[in-house]
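**Q** Everything in the sequence shown is counted per UniProt numbering, starting at 1 for the first residue and increasing by one. Glycine is no exception: its CB is placed at the ideal position from the N, C-alpha and C atoms.
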Amino acid sequence: MEINSLVNRLSHLCIKNPHILNVHPFLGQCIPHPFTSMANDVLSAGRNIIQKIRDNITFIMASEWRVDMFFDLKVQLQVPGDAGLLFEKPSQWSTTYEMLQSAWDTKEVFSCLDTLIPEYGEADAPTTEDWNRVEIICSHLKSLVDATNSLASSPPCPAATLLLNAMCVRLQIAQFADSGDQFVRSFIDPMQGKMEEYWKQCGVALAIAVVMDPRYKMKLVEFSFPKIFGDESSSVYVKMVDDGVHELFAEYLSISPPPPSTSNYGCSQGGSVSEHGLADFDVESGFGEKMEIPEEKYELTPVEKNVKPARRRKTKSRVWNYFTVESVSSECKRAFCNTCRRSFAYSTVQENGSTKVAGTSHLKRHLEKGTCGATTGLDNNNEGDGDQTTPFTPSTRTRRTKANSASGASTGVSESRKRRYRSPAYTAVFNPDICRHDIARMIIMHDYPLDMVEHPGFQSFVQSLQPQFGAVSFKTIHGECVASYLSEKQKVTRLIDAMPGRVCLSLDMYMSRNSVGYVFITGHFTDSNWKTQKLILNVVLEPYPDSHNALSHAVACCLSDWRLESRLFSLTLNHPVPEAGLENLRSHLCVKNPLILNGQLLLGQCISQTFTAMVNDMLSAGRDIIKKIRDNMKYVTTSQNHVDIFVDLKRQLQVPGEVRLFLDDQSQWNTTYQMLVSASDLKEVFSCLDNVIPEYKLAPNMEDWKQVESICTYLKSLSDAMNLLVSSPCPPAITLFQEAFSIHAKIACAATSGDPFVCSFIKPMQDKIEKYWKECGLVLAISVVMDPRFKMKLVEFSFSKLFGEESPLYVKMVDDGLHELFDEYLTLPLPPSPAYSVDHGNVDRADEQNQGGNLSEYGLADFDMYIMETTSHQLKSEMDQYLDENLEGRSSNFDLLEWWKQKRSKYPTLSKMARDILSIPVSTASPELVYSTRPRELSPHARSETLEALVCTKDWLQHGLPEDFAGLDSLVVSDLSNPALKMEF
Numbered sequence: 001m002e003i004n005s006l007v008n009r010l011s012h013l014c015i016k017n018p019h020i021l022n023v024h025p026f027l028g029q030c031i032p033h034p035f036t037s038m039a040n041d042v043l044s045a046g047r048n049i050i051q052k053i054r055d056n057i058t059f060i061m062a063s064e065w066r067v068d069m070f071f072d073l074k075v076q077l078q079v080p081g082d083a084g085l086l087f088e089k090p091s092q093w094s095t096t097y098e099m100l101q102s103a104w105d106t107k108e109v110f111s112c113l114d115t116l117i118p119e120y121g122e123a124d125a126p127t128t129e130d131w132n133r134v135e136i137i138c139s140h141l142k143s144l145v146d147a148t149n150s151l152a153s154s155p156p157c158p159a160a161t162l163l164l165n166a167m168c169v170r171l172q173i174a175q176f177a178d179s180g181d182q183f184v185r186s187f188i189d190p191m192q193g194k195m196e197e198y199w200k201q202c203g204v205a206l207a208i209a210v211v212m213d214p215r216y217k218m219k220l221v222e223f224s225f226p227k228i229f230g231d232e233s234s235s236v237y238v239k240m241v242d243d244g245v246h247e248l249f250a251e252y253l254s255i256s257p258p259p260p261s262t263s264n265y266g267c268s269q270g271g272s273v274s275e276h277g278l279a280d281f282d283v284e285s286g287f288g289e290k291m292e293i294p295e296e297k298y299e300l301t302p303v304e305k306n307v308k309p310a311r312r313r314k315t316k317s318r319v320w321n322y323f324t325v326e327s328v329s330s331e332c333k334r335a336f337c338n339t340c341r342r343s344f345a346y347s348t349v350q351e352n353g354s355t356k357v358a359g360t361s362h363l364k365r366h367l368e369k370g371t372c373g374a375t376t377g378l379d380n381n382n383e384g385d386g387d388q389t390t391p392f393t394p395s396t397r398t399r400r401t402k403a404n405s406a407s408g409a410s411t412g413v414s415e416s417r418k419r420r421y422r423s424p425a426y427t428a429v430f431n432p433d434i435c436r437h438d439i440a441r442m443i444i445m446h447d448y449p450l451d452m453v454e455h456p457g458f459q460s461f462v463q464s465l466q467p468q469f470g471a472v473s474f475k476t477i478h479g480e481c482v483a484s485y486l487s488e489k490q491k492v493t494r495l496i497d498a499m500p501g502r503v504c505l506s507l508d509m510y511m512s513r514n515s516v517g518y519v520f521i522t523g524h525f526t527d528s529n530w531k532t533q534k535l536i537l538n539v540v541l542e543p544y545p546d547s548h549n550a551l552s553h554a555v556a557c558c559l560s561d562w563r564l565e566s567r568l569f570s571l572t573l574n575h576p577v578p579e580a581g582l583e584n585l586r587s588h589l590c591v592k593n594p595l596i597l598n599g600q601l602l603l604g605q606c607i608s609q610t611f612t613a614m615v616n617d618m619l620s621a622g623r624d625i626i627k628k629i630r631d632n633m634k635y636v637t638t639s640q641n642h643v644d645i646f647v648d649l650k651r652q653l654q655v656p657g658e659v660r661l662f663l664d665d666q667s668q669w670n671t672t673y674q675m676l677v678s679a680s681d682l683k684e685v686f687s688c689l690d691n692v693i694p695e696y697k698l699a700p701n702m703e704d705w706k707q708v709e710s711i712c713t714y715l716k717s718l719s720d721a722m723n724l725l726v727s728s729p730c731p732p733a734i735t736l737f738q739e740a741f742s743i744h745a746k747i748a749c750a751a752t753s754g755d756p757f758v759c760s761f762i763k764p765m766q767d768k769i770e771k772y773w774k775e776c777g778l779v780l781a782i783s784v785v786m787d788p789r790f791k792m793k794l795v796e797f798s799f800s801k802l803f804g805e806e807s808p809l810y811v812k813m814v815d816d817g818l819h820e821l822f823d824e825y826l827t828l829p830l831p832p833s834p835a836y837s838v839d840h841g842n843v844d845r846a847d848e849q850n851q852g853g854n855l856s857e858y859g860l861a862d863f864d865m866y867i868m869e870t871t872s873h874q875l876k877s878e879m880d881q882y883l884d885e886n887l888e889g890r891s892s893n894f895d896l897l898e899w900w901k902q903k904r905s906k907y908p909t910l911s912k913m914a915r916d917i918l919s920i921p922v923s924t925a926s927p928e929l930v931y932s933t934r935p936r937e938l939s940p941h942a943r944s945e946t947l948e949a950l951v952c953t954k955d956w957l958q959h960g961l962p963e964d965f966a967g968l969d970s971l972v973v974s975d976l977s978n979p980a981l982k983m984e985f
């Protein structure tokens, strides 16, 4: 807090508050804050060694066999204790201390690990100097952790505990104050300054609070101050405290006393003081035993003698075998079902002192309903029998007719008595296996943490719904989630095996809180029904996400897991990757995958990533004016009085439209654009606001409004393009082609502007869009050609406006690439058709029989070769035939894949090529992350061991399966009862 702000607050507080002790203890600072600030000083000074320890632990924990080697070596070296590998949470500095302490305890293992794991030598193992620094960091963090833990263990922490902990931390700092080590001095000096500042601000208030504790009074102050301030200066500070206590008491004498209260003596304000540091205090103070505070004894109000308690006769009804009477309060008792614990009325005390007792009919009805499973009924006819174990059966009554009633005879016909609650037409059967399976699916679909099943609130809720359902442990629900993952994976495997073409992959990098990367790999393909499928296939852990081989390892795991080594068509990246990483990935993929079109289609960039990077260029160039607009919006929107004045002024100025004040979310750039548009439309109101509110001095000038208008102009084009991605998760290539063309043309036109502000962001934006056209323009153009409504015509039209006189060269590049790709598809072997795939192109077998029956394939191999040779020229002209035909009409409900499905007999090779090309994801960003300006982060409760199973299963359940594979459901349901799938961990 700045000193000016502190003085302003203090003066504001003193206006209507008496100056107690010259406002010395009026303002204080929470003691955990200086502790945390000092811990940050230590962590900042040792950030390099901490990062090295973090990288070493990440390297080992990234592989299960490395972890096994680590602990085997620990046993061989006979390292004592239970120290293991701990991973920190960067947001919790105490976990950083635990990570460093665990590494220090096992430093001998780290030093010898390169003998068993040769590649560990490349992981920058800590040196002896590093371990010395780790020891120093741990020693200082330990005192801060111990002090903070003592505060956390007792929320209303007594002042004596605060004083003792502060004393221990101060002594720890003073011990190293004269150290000549430059590393130690880098954090000891700021720590000492913070501690001195805290004692200066809060020392007197803390000491006075200790004096108010009758167990210590001034004795603890006299004991601790010599250790804190030294023997020479301690007497001065002790006298300050003593004078302050007496002065404060004198001021309280002049204040009118408050009304008396009846609070208990010895409340929780005293708390339990930690015994840490009190052994010396007990010796010096002369207390051989701890002082005890006498406990007050309370007597209950006696019952009046003339009121005799009502005596109840012994219960005889058999319902009491299933109910227990418990006192809810002094005036009310209720009957609780022994099975479902539902409560019912039993007795209450009336205003006149009498007791009203309820009957047992409502208890019998509860048992007859059979919902709690306590019993199946009760025999009312034998309620008085001595056998209390007879099953509960519904009672029956004999109905008399009028004639028989007159004669006194009974008809002997019995019917069930009329019940208030009717039984349903069916009886529900409780199955705990289905319940556990449904809970697992609920957790998967809604991203709940797995340990929620052990939360008391959840268990109580489940018990109220179904008392027979036992508690579910974390391990059990973990096994159910993995079982669901395995069963759904069987469906996806069948779907991919039946895929007639190739698969396209897209990669997204997510970061966890401990800086570990997770690569989300999504598969895009067209199934045998000519429907586009988009499924998350793998989530791969990458400890070093910035390394050159991180993506190569992730893609290799995916291809091996799904047996796609020779069926990969393209790879789309949704995050920036350095050139070295791209070359590593390209060389790895070319080993087992044929180079389609010399690898020009193998790697691509998500277009939304390019658009977001261009937006960041604009926001970075205009950050000053954007901040000024944001501050103006805050000034108005955070005060209702300012809002009312602003609205009135807008009405007086007759500003048209329904424009409203809007404050942005800085993590979503589209909200920043909306804020700038709103401010630009209301600029007249902002310009005149200082006439109504004199203290308003934030109004932008004319140059500022000009910059806002420039930013809004170019943000609008990108916002419109991004809105297409939000409205359609898989937008067609033709739409993105037009948007990219439009943005490129507008930026090229703005590049000639003489405005220095516009040029500051137009140049980097132009570089990015030109790079995208260079890397992905061919893929985008070929995808457009595969649309029979546009073919090459739209490419020729767009390139003529985009490249001018050089357009024929770029059009020829697309045409040559298209024909070269078609020629390669002619030579590629056809993929094997699975036995369970559906062939929609078969002709009617009745017509085939009418033509002469089925022909034997024996001896026709040479004939097939002759047909291929004599008709090859016709196959090669298949592309030209498609391009020469007239364009299809443009309609809103045109289905591109359905058109190619209908034309596959006319264009057999071209349809296979179109199926693969149209599967390439031009944009892979999810709608909720399209406008995000921050790196993708995982949920805080995500666990690495179950992340892939939970993420993939959720995605598969949301997408479902094509109808042709719906028959697999019976197989999957039967697998749920397979013990091999119900894994326990």
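Per DSSP, which one or two residues make a beta bridge with Leu603?
**A** For Leu603, the beta-bridge partners assigned by DSSP are Leu571.
**Q** Within the chosen definition, does the region 491 to 511 reach the region 574 to 582 through at least 3 CB pairs nearer than 8 Å?
**A** yes
**Q** Roughly how many angstroms separate the alpha carbons of Ser919 and Thr532, rounded to a whole number?
**A** 7 Å
**Q** Could you pull out every residue in the same chain whose Cβ sits closer than 6 Å to the Cβ of Ala103, ignoring the five residues on either side in sequence?
**A** Ile53
**Q** Tell me whether His840 is buried or exposed, calling it buried when 16 or more other Cβ atoms sit within 10 Å of its Cβ.
**A** Its pLDDT being 42, under 50, His840 is placed unreliably by the model, and nothing is read from it.
**Q** Evaluate Thr638 with the Cβ neighbour count: other Cβ atoms within 10 Å of its Cβ, from every protein chain shown; 16 or more gives buried, anything less gives exposed.
**A** Burial call: exposed.
**Q** Between which two residues does the alpha helix (DSSP H) harbouring Tyr485 extend?
**A** Phe474 to Asp497
**Q** Spell out a yes or no on whether the region 140 to 152 and the region 66 to 80 are touching, meaning 3 or more CB-CB pairs, one atom from each, closer than 8 Å.
**A** no
**Q** Rounded to whole angstroms, what is the Cα-Cα separation between Asp617 and Ile629?
**A** 18 Å
**Q** Look up Met99 in the DSSP assignment and say whether it is helix, strand or coil.
**A** helix
**Q** Using the C-alpha atoms, what's the distance from Ser528 back to Cys504?
**A** 16 Å
**Q** Taking the C-alpha atoms as reference points, what is the distance between Asn431 and Phe520?
**A** 36 Å
**Q** So within the region 419 to 469, which uninterrupted beta strand (DSSP E) runs reach at least 3 residues, ignoring any that extend past its ends?
**A** Within the region 419 to 469, no run of beta strand (DSSP E) reaches 3 residues while sitting entirely inside it.
**Q** Is there a Cβ of chain D sitting closer than 7 Å to that of His366, yes or no?
**A** Looking at the structure shown, chain D is missing, and only one protein chain is on hand.
**Q** On the criterion of 16 or more Cβ atoms from any shown chain inside 10 Å, does Glu820 qualify as buried, or is it exposed?
**A** exposed
**Q** Taking only runs that begin and end inside the region 727 to 814, name each unbroken alpha helix (DSSP H) of 4 or more residues, in chain order.
**A** 733 to 750, 756 to 785 and 791 to 803
**Q** For Lys768, which residues from the same chain have a beta carbon less than 7 Å from its beta carbon, with the 5 sequence-adjacent residues on both sides left out?
**A** Here Lys768 has Thr610, Ala613 and Met614 as same chain residues with Cβ atoms under 7 Å from its own Cβ, once five neighbours each way along the sequence are excluded.
**Q** Please return the same chain residues whose Cβ sits closer than 7 Å to the Cβ of Thr735, not counting the five positions on each side in sequence.
**A** Leu724
**Q** If you count every other CB in all the chains shown that lies within 10 Å of the CB of Pro309, and 16 or more means buried, which is it?
**A** Note that Pro309 scores a pLDDT of 47, beneath 50, so its modelled location is shaky and nothing firm can be said.
**Q** Does the region 802 to 814 come close enough to the region 904 to 923 to have 3 or more Cβ pairs within less than 8 Å?
**A** no
**Q** Beta-carbon separation of Arg502 and Arg436 under 7 Å?
**A** no
**Q** Could you tell me the alpha carbon to alpha carbon distance between Ser687 and Asp720, rounded to whole angstroms?
**A** 29 Å
**Q** Below 8 Å on the Cβ atoms is my contact criterion, and I expect Pro543 with Ala62 to pass it. Report the Cβ-Cβ distance as a whole number of Å.
**A** 4 Å
**Q** Measure the C-alpha to C-alpha separation of Ile49 and Phe35 and round it to an integer number of angstroms.
**A** 21 Å
**Q** Counting only the same chain and skipping the five closest in sequence on each side, list residues whose C-beta sits under 8 Å from that of Asp624.
**A** Here the set comprises nothing.
**Q** Over what stretch of residues does the beta strand (DSSP E) that includes Lys627 continue unbroken?
**A** It is not in any beta strand (DSSP E) - Lys627 instead sits in the alpha helix (DSSP H) that spans Arg623 to Thr637.
**Q** Would you call the CB atoms of Cys372 and Cys337 closer than 7 Å?
**A** yes
**Q** With a threshold of 8 Å on Cβ separation, who are the neighbours of Gly98 within its own chain once the five nearest residues in sequence on each side are excluded?
**A** Gly is not the amino acid found at residue 98; the sequence shown has Glu there. Cβ neighbours of Glu98 beyond the five flanking positions: Leu86 and Glu88.
**Q** Have a look at the DSSP bridge pairing and note the partners of Tyr696.
**A** In the DSSP output, where bridge partners are listed per residue, Tyr696 has none listed.
**Q** With distance defined between alpha-carbon atoms, name the residue in Met452, Gly599, Lys771 and Val540 nearest to His744.
**A** Lys771
**Q** If you measure between the beta carbons of Tyr346 and Ala335, is that distance less than 7 Å?
**A** Going by C-beta atoms, Tyr346 is nearer than 7 Å to Ala335.
**Q** Measure from the alpha carbon of Ala159 to the alpha carbon of each residue in Ser186, Ile173, Arg185 and Ala207, then state which is nearest.
**A** Ala207
**Q** For the putative contact between Val779 and Leu601, defined by C-beta atoms under 8 Å, what is the C-beta separation to the nearest angstrom?
**A** 6 Å
**Q** For the alpha helix (DSSP H) holding Ala471, just list the boundary residues, first then last.
**A** First-last for Ala471: undefined, no H or E at that position.
**Q** Going by C-alpha to C-alpha distance, which of Ser760, Leu887, Leu698 and Tyr714 sits closest to Val784?
**A** Among Ser760, Leu887, Leu698 and Tyr714, the Cα nearest to that of Val784 is on Leu887.
**Q** When the Cα atoms are used, what is the spatial distance from Thr672 to Gln666?
**A** 7 Å
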